[in-house]
Amino acid sequence: MRFFTQLAAFAAAAATLASANSVTFINQDDTTRHIVFTPSAGYPAIDTVTIQGNKQVKVDIPVSWVGNAYSVSEGKPQVPGMLAEFTFQGWNDFTYFDVSAIVNPADTAGVKQIFPASQLKAKVKSLVSGCIAFPCGTAYYAPADIQTVTTKETDLIVTLGNAPKVASREVEPGMLVPRHYVLGKLS
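What the sequence shown shows, in my numbering, is residues 3 to 189, in sequence order.
What follows is the structure, encoded as structure tokens:
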């Protein structure tokens, strides 16, 4: 009997470890979005999830998973946009994450920011990748950019869509802009 109790405890612990990571996607506007996951070669697939407007969904991520996710607005073609890139339990057991604009920098309505869940309520986030309004200084725009963030936390938040009352920052070549644009700040 003791053997079966220990076996059951081990199985429960293993199940907990198998889904020890999570990403909560927070949809900040009324657009329904589909979150498409793309694992790196050799990593397990994660099913696409749908998130209604102004809702959130938590997705369990396998241990040591490496890959990305992107958002597709309902009714739009499934074309990768801003990428939320992740490595869980990577080198030195860190979680690595970043928002990449390399594939489609024109996507300003999909993935916005990634940060540890512990910073959800913080007004100023110390570990964040991505932008409230694109462009900004905390997203990847070129392969050599140094923008990957590291943390020991395994529960992340990804914001999607355009939050209400966010200033737009449409910039065209040749425009004169205030210094805070150059620094990636809204004001």
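Heads up, the beta-carbon is just placed ideally off N, CA and C, and yes, glycines get one too.
Looking only at its own chain, which residues have a Cβ that is under 6 Å from the Cβ of Ile-48, when we skip the five neighbours before and after it? Phe-39
Segment limits, beta strand (DSSP E) that includes Pro-118: 113-118
Burial state of Asp-32, where buried means 16 or more other Cβ atoms lie within 10 Å: exposed
Is Glu-87 close to the ligand PLP? I mean its beta-carbon at under 8 Å from any heavy atom of the ligand. The model depicted lacks the ligand PLP and carries no ligand whatsoever.
Which of the three DSSP states, helix, strand or coil, is assigned to Asn-29? strand
Tell me the DSSP bridge mates of Leu-126? Per the sequence shown, residue 126 should be read as Val rather than Leu. Looking at the DSSP assignment, Val-126 forms no beta bridge with any residue, so it has no partner.
Using a Cβ-Cβ cutoff of less than 6 Å, which residues in the same chain neighbour Pro-64 once the five nearest sequence positions on both sides are dropped? Pro-46
Cut-off 6 Å between Cβ atoms - residues of its own chain near Asp-157, not counting five sequence neighbours on either side: Ser-24, Ala-119
Tell me, please, which residues DSSP counts as bridged to Glu-87. Asn-70, Asp-100
For Thr-40, write down the residues that DSSP places opposite it in a beta bridge. Asn-70
For Asn-29, count neighbouring C-beta atoms within 10 Å of its own C-beta (all shown protein chains included) and say buried if the count is 16 or more, exposed if not. buried
Tell me whether Thr-97 is buried or exposed, calling it buried when 16 or more other Cβ atoms sit within 10 Å of its Cβ. buried
From the DSSP secondary-structure annotation, give me the bridge partner or partners of Gln-58. Ile-28
What's the gap between the Cα of Glu-87 and the Cα of Glu-76? 22 Å
Short Cβ contact (9 Å threshold) for Asp-109 with Ser-131: no
Rounded distance between the beta-carbons of Arg-35 and Val-74, thought under 8 Å: 6 Å
Taking 9 Å as the cut-off, decide whether the C-beta atoms of Gly-112 and Gly-163 are in contact. yes
With DSSP as the reference, please indicate the residues paired to Val-160 in a beta bridge. Phe-27, Ile-116
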